[in-house]
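K.L.:
Protein chains in written order, with numbering that gives the first Met the number 0: chain A, 0 to 188; chain B, 0 to 753.
Every residue gets a Cβ at the ideal spot worked out from N, C-alpha and C, and that includes glycine.
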Amino acid sequence: MLHEPEHINLKIFACEPAPRDLAGAILVFHRWIQESALDELLIDVADYRHLPAGPGVILVGFEANYSLDLAENRLGLLYNRKKPVPGPLAGKLRQAYEAAWSACRRLEAEPEFRGELRFHPHACEVIFNDRLLAPNTPETFEALRAELEAFFAGLLGSTDFKLERVGEPRERLRVRVAPQASALAPQPA
Amino acid sequence: MKASNPFWKDYLDGQMPPHLAAEIDAFESDLALRRQGKIDERVFAEIRLRRGVYGQRYDSGQRHDGRTTRTLAYPDGKPTKGPKTVWDAPGMQRIKIPFGGLNARQLEVIAELAEEYADGVAHVTTRQDFQLHFVHIDDTPTLMRRLAAVGITTREACGNTIRNVTACPLAGVCRDETFDVTPYARMTAYYLLGHPECQDFGRKFKIAFSGCKENPCALVRMHDMGFIAVVREIDGTLRRGFEVYVGGGLGTVPYQAKLFAEFLPVEELLPLAIAVARVYTKYGEKKNRNTARIKFLVNKLGIEEFKRLVEEERAGLAPDPRWEEMLRQIPAYQEAPLKDAGLVEITTPRPEGFELWYRRNVYRQRQFGYAAVTIALPLGDITADQLRRVADLARKYTRETVRTTVEQNLVLRWVSEADLPALYAELEAAQLAEPVAGSIADIVACPGTDTCKLGIASSRGLAAELRKRLVAQGVHEDGDVSNLHIKISGCFNSCGQHHVADIGFYGVSRNKNGYTVPHFQLLLGGQWEENAGAYGLAIGAIPAKRVPEALERITQRYLKERAFGESFGAFIKRIGKAECKKMIEDLMHVPPYEEDPSFYVDWSDARVFTIGDLGVGECAGELVSPIDFQLAACEREAFEAQLLLDAGQIERAAQAAYAAMMHGAQALLRFKLGSSPEEPEAVYQQFREHFYDTQLFFDPFAQGKFAHYYFAAHRRNGAAHDAESARQQIEEAQLFLEAAHSCYARMLSARAGK
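(1) Nearest to B:Val372 by alpha carbon, out of B:Thr397, B:His63, B:Phe696 and B:Glu351?
(2) Could you give the C-beta distance for A:Ala36 and A:Leu116, rounded to a whole number, given that I count them as a contact under 8 Å?
(3) For B:Lys511, which three-state DSSP category applies?
(4) Taking the Cβ atom as the reference point for each residue, do B:Arg606 and A:His119 lie within a distance shorter than 9 Å?
(5) Over what stretch of residues does the beta strand (DSSP E) that includes B:Val470 continue unbroken?
(6) Using the beta-carbon of each residue, which ones in chain A are nearer than 9 Å to B:Trp7?
(7) What residues in its chain sit with their C-beta under 8 Å from that of B:Leu422, if we drop five residues either side in the sequence?
(8) Is B:Asn102 helix, strand or coil when you go by DSSP?
(9) Please classify B:Thr67: does DSSP put it in a helix, a strand, or coil?
(10) Who does B:Lys306 pair with in a DSSP beta bridge?
(11) Can you have a look at B:Ala722 and say buried or exposed, based on whether 16 or more other CB atoms are within 10 angstroms of its CB?
(12) Is the stretch 582-590 of chain B touching the stretch 534-550 of chain B, taking contact as three or more C-beta pairs under 8 Å?
(13) Quick one: what's got a C-beta closer than 7 Å to B:Thr79's C-beta in the same chain, skipping five residues either side?
(14) I want to verify the contact list: residues of chain B whose CB lies under 8 Å from the CB of A:Glu138, in sequence order.
(15) Looking at the secondary structure, which residues open and close the alpha helix (DSSP H) in which B:His707 lies?
(16) If contact means a Cβ-Cβ distance below 7 Å, which residues of the stretch 149-171 of chain A contact chain B?
(17) What are the residues in the stretch 113-127 of chain A lying within 8 Å of chain B by C-beta distance?
(18) In chain order, what are the residue ranges of uninterrupted alpha helix (DSSP H) at least 4 long that sit wholly in the stretch 13-96 of chain A?
(19) Starting from B:Phe178, trace the alpha helix (DSSP H) in both directions and tell me its first and last residue.
(20) With 7 Å as the limit, tell me which residues of the stretch 111-122 of chain B have their beta carbon closer than that to any beta carbon of chain A; keep them in chain order.
(21) Report buried or exposed for A:Pro16, applying the criterion of at least 16 other Cβ atoms within 10 angstroms of its Cβ.
(22) What residue from B:Ile96, B:Thr67, B:Tyr57 and B:Gln702 has the CA that sits closest to B:Lys83's CA?
(23) Does the Cβ of B:Leu142 have 16 or more other Cβ atoms within 10 Å, making it buried, or fewer, making it exposed?
(24) Count the other C-beta atoms from every protein chain shown that fall within 10 angstroms of the C-beta of B:Leu672, then say buried if there are 16 or more, exposed otherwise.
(25) In chain A, which residues lie less than 8 Å from B:Ser458 when you measure between Cβ atoms?
(26) Going by DSSP in three states, B:Pro420 sits in which element: helix, strand or coil?
(27) Could you tell me whether the Cβ of B:Lys257 comes closer than 9 Å to any Cβ of chain A?
(28) Bridge partners of B:Ala444, per DSSP?
(29) Hey, could you find the ends of the beta strand (DSSP E) A:Glu141 is sitting in?
(30) CB A:Asn79 to CB A:Ala89, shorter than 9 Å?
(31) For the alpha helix (DSSP H) containing B:Ala652, name the first residue and the last one.
(32) Mind pulling the beta strand (DSSP E) runs of 3 or more residues that sit fully within the stretch 313-385 of chain B?
(33) For B:Glu688, count the other beta carbons within 10 Å of its own beta carbon; 16 or more makes it buried, fewer makes it exposed. Which is it?
(34) Taking only three categories from DSSP, how would you classify A:Pro4?
(35) Taking only the alpha-carbon atoms, compute the straight-line gap between B:Leu409 and B:Asp29 and give it to the nearest angstrom.
(36) Considering Cα atoms alone, identify which of B:Val172, B:Glu267 and B:Ser748 is closest to B:Val309.
Below, the structure written as structure tokens:
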């Protein structure tokens, strides 16, 4: 690889049944801007609810975007890191996960979702949003596998999970974490 | 911004055409020089615009969050990328697609760029371009290199240049066309790209090609220069040529293009384009951008004098060997199918939903057994994943013959009809088979307040809402209403082409109950057919949240009262604009904020639309300032001017339009000074002194443009009008009054802040 991977995207999937109407997200994300709810520069809200398997509703920021993402018709909170994060990959993964999970917890508590939006902390996908630094090849996946495994082992507190390279070669490198089924039961709020 | 930016240049070395690579290197150097403060911000702004690098809403670093205007704290230490434009603020990248023609790899690269540099969505524009939003300027050279490697340039996508040359997306497969205009559009686009004679315009310049006169696909008559294919017998030989139009354009005040030549031989196409460019450069306005489009020059000179000047320039042009070279390449241009011609047999199993999709989205080509399939994109948007699916299908079913359309859709050409059921199934799986193409639900909308700096109201928010409702009601499926066109702009600038729709809307605001309330001005009677053959006129401003109800009322009335075979346009003309206005008048009411706050929030937004610091105490619906009534009276006058014009009373119409402006000026004077003179010259002088010289009336972007409409009408008052100049004066009166509303809102806001 030319360079340490950057621009980590991390999607934490919502528990099923997930709400289909994301109108509440417009209110919530605008309120986050008004209240400076996150410790970073938030710019605007983009509404893509008209795209059936699209980015849903995006909270556009300077360092990163947060979206209630509907790609592959599966709702999740997508954290899209735009600014590079210094340091090794483990730190970048941790930063992305912590930002994403913190946003998930906030969303779960927002009244607009009436308790119907829940996220599973261990059902997630990492997307390397730079085809040159992290081309979607088996070689790149193998080169990153050890670091990814170490990170998720720490996160899950277990090595009982599988990492899968998902999608097709033209897509960005995507790695899905597949914990054991028992670990995917809805978590207490 | 992207960590990989420094590596892409080496990676793509040898894959880019050398001239494009050199241009992008130069642009990258300009970025570095601007960062060092060595290029003036205004100069840099034009440089980046000519590379398609556009500003985006909130890039001034200020944003109203629904409560207050806040500074967006971008990192310090960088220069601006233009006047009042913060370097780090996200921007828009426009990608020029001449005549909308794309191949599969190009679609894939646009998908990659949408994911890596934007928000995962690519947007098809009303000029067959693509746009990516929320792009950082530091990423743009890399983005351009990746495009250049697949043969796409962003050069002259914006700025005072020749914009994307558009053409009918069915050119070459159309059953009605005279001949395929595609190679001529392509030749013109690449000949004029970067041409030295096209670098000193006062404003942008738009060109379109159409294969026929009757169908609207290319909207030739609303272009700066438009070409319609014609064939003429000369000396016993059929010769190809074009009917040529110049001086059309939408913008704030629409102009129909004038016929320049009934037959221009194809050999004269490029020389004529250069001769017109020379005249525009020499005689076009340069200082006042508001009157710098070529339509103003054609109007000022008159078509005959304009033509004389062009012919004079043409006579003096030294022959360019490329004229012949490029013409010689024309016959070599051809598209071919991938599969054998076929038919959907009666016995062929058809997936559910196929019939409606076939009726709506499939066009049988003039080549037997082949079809052009429209992929209707909601609001012109498509995700990166979907773009890759389209690329796959373009390879699987065609020889990658894809076009974008001015209706913000994609078209797959040369599909064997036998493959249609299978193609439908695959499109359906990719959620790309919505059967709405060309229907009332296939709404065109500009970016509006979502991302455009000039947007007043949410054109996309409204379009999404209307589309959702119309599809849910099945209105798009059948019947006379299903084929109507709706087009929406976020402001008066017409990027959504609201003037040429059966039902058009453009965003305005109104001061109601102490708040600024989002509204849409309704236009009826525009003509999409015959290459944008007629423009609609304003009926009245409707609160944004009541537009769906207004639409339903208008379409239901049409269904109920239309005569046998009567078109929507004919129906509107028959019942008259006064009746149209009566039909929606009660919907213009805005309830007090306390009663229904939703009226004070735009579609797809959560923020209170108004300037928050006005305070609730002043409004509550009870206190209405006299100026509210006065401005409403002025709007009535402007409306009545339209009715007079419709009745053929041209002079009275122009006089009423002038009176509406003068009374608007008086209303503002009374609000500011407590009184106003009555004598027209005194009103003019006082308005100039208190509103123009102080810049109080100035629009943040259009500056004093709308005041000039009033000044021009005042100077002209009493002079003779023809129908077109009267119509323009009415349009200008409407815009002057919109500006008066905005000025009033600003004055209110300033008073409340004291």
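P.N.:
The structure says:
(1) Locating residue 372 of chain B in the second sequence gives position 373, counting from the first residue. That would be B:Thr397, whose Cα lies nearest to the Cα of B:Val372.
(2) Here residue 36 of chain A refers to the residue found at position 37 when the first sequence is read from its first residue. Here residue 116 of chain A refers to the residue found at position 117 when the first sequence is read from its first residue. With a Cβ gap of about 16 Å, A:Ala36 and A:Leu116 do not count as contacting.
(3) Reading the second sequence from its first residue, position 512 is the one you call residue 511 of chain B. Three-state result, B:Lys511: strand.
(4) Counting from one through the second sequence, the residue named residue 606 of chain B turns up at place 607. Counting from one through the first sequence, the residue named residue 119 of chain A turns up at place 120. Not closer than 9 Å, so no.
(5) In the second sequence, residue 470 of chain B corresponds to position 471, counting from 1. Run containing B:Val470: none in the beta strand (DSSP E); it sits in the alpha helix (DSSP H), Ser458 to Gln472.
(6) Within the second sequence, numbered from 1, the residue matching residue 7 of chain B stands at position 8. Simply Leu131.
(7) Within the second sequence, numbered from 1, the residue matching residue 422 of chain B stands at position 423. The answer, listed in chain order, is Val372, Leu392, Tyr396, Leu411 and Val414.
(8) Reading the second sequence from its first residue, position 103 is the one you call residue 102 of chain B. Coil, per DSSP.
(9) Walking along the second sequence from the start, residue 67 of chain B turns up at place 68. Looking at B:Thr67 - three-state DSSP - the assignment turns out to be coil, as it is neither helix nor strand.
(10) Sequence index remark: in the second sequence, residue 306 of chain B carries index 307 (1-based). Beta-bridge pairing links B:Lys306 to no other residue.
(11) In the second sequence, residue 722 of chain B corresponds to position 723, counting from 1. Exposed, because fewer than 16 other Cβ atoms sit within 10 Å of the Cβ of B:Ala722.
(12) yes
(13) Locating residue 79 of chain B in the second sequence gives position 80, counting from the first residue. Same-chain partners within the cutoff: Glu40, Val85 and Trp86.
(14) Within the first sequence, residue 138 of chain A is the residue found at index 139, counting from 1. In chain order: nothing, as chain B lies at least about 17 Å away.
(15) Reading the second sequence from its first residue, position 708 is the one you call residue 707 of chain B. Where B:His707 is concerned, the enclosing alpha helix (DSSP H) stretches over Lys704 to Arg715.
(16) Arg169 and Arg171
(17) none
(18) 22-33
(19) For this step, residue 178 of chain B is matched to residue 179 along the second sequence. No alpha helix (DSSP H) contains B:Phe178, which DSSP labels as neither H nor E.
(20) Glu111, Glu114, Glu115, Asp118, Gly119 and Val120
(21) If you number the first sequence from 1, residue 16 of chain A lands on position 17. Exposed, since its Cβ has fewer than 16 Cβ neighbours within 10 Å.
(22) Sequence index remark: in the second sequence, residue 83 of chain B carries index 84 (1-based). Residue B:Tyr57 is the option with its Cα nearest to B:Lys83.
(23) Reading the second sequence from its first residue, position 143 is the one you call residue 142 of chain B. Counting Cβ neighbours within 10 Å, B:Leu142 comes out buried, since at least 16 surround it.
(24) By one-based count along the second sequence, residue 672 of chain B stands at place 673. Answer is exposed; the Cβ neighbour count stays below 16.
(25) As a first step, residue 458 of chain B must be located in the second sequence, where it is residue number 459. Per Cβ cutoff of 8 Å: no residues; B:Ser458 is ~13 Å from chain A at best.
(26) The residue labelled residue 420 of chain B in the question sits at position 421 within the second sequence. Helix.
(27) Taking the first residue of the second sequence as 1, we reach residue 257 of chain B at position 258. With 9 Å as the cut-off, B:Lys257 does not count as an interface residue toward chain A.
(28) By one-based count along the second sequence, residue 444 of chain B stands at place 445. The partner list for B:Ala444 (beta bridge, DSSP) reads B:Ile487.
(29) As a first step, residue 141 of chain A is located in the first sequence; it is residue number 142 there, counting from the start. Careful: A:Glu141 lies outside any beta strand (DSSP E), inside the alpha helix (DSSP H) at Pro137 to Leu155.
(30) For this step, residue 79 of chain A is matched to residue 80 along the first sequence. For this step, residue 89 of chain A is matched to residue 90 along the first sequence. For A:Asn79 and A:Ala89, no; Cβs fall outside 9 Å.
(31) Taking the first residue of the second sequence as position 1, residue 652 of chain B is located at position 653. Looking at the DSSP string, the run of the alpha helix (DSSP H) that includes B:Ala652 is Ile649 to Leu672.
(32) 361-363, 369-374 and 380-382
(33) Taking the second sequence and counting its residues from 1, the one referred to as residue 688 of chain B is at position 689. Per the 10 Å Cβ criterion, exposed.
(34) Here residue 4 of chain A is taken as the residue at index 5 of the first sequence, counted from 1. Residue state, collapsed to three classes: coil.
(35) If you number the second sequence from 1, residue 409 of chain B lands on position 410. If you number the second sequence from 1, residue 29 of chain B lands on position 30. Each residue's Cα considered, the two are about 35 Å apart.
(36) Position 310 of the second sequence, counting from 1, holds the residue named residue 309 of chain B. The shortest C-alpha separation from B:Val309 is found at B:Glu267.
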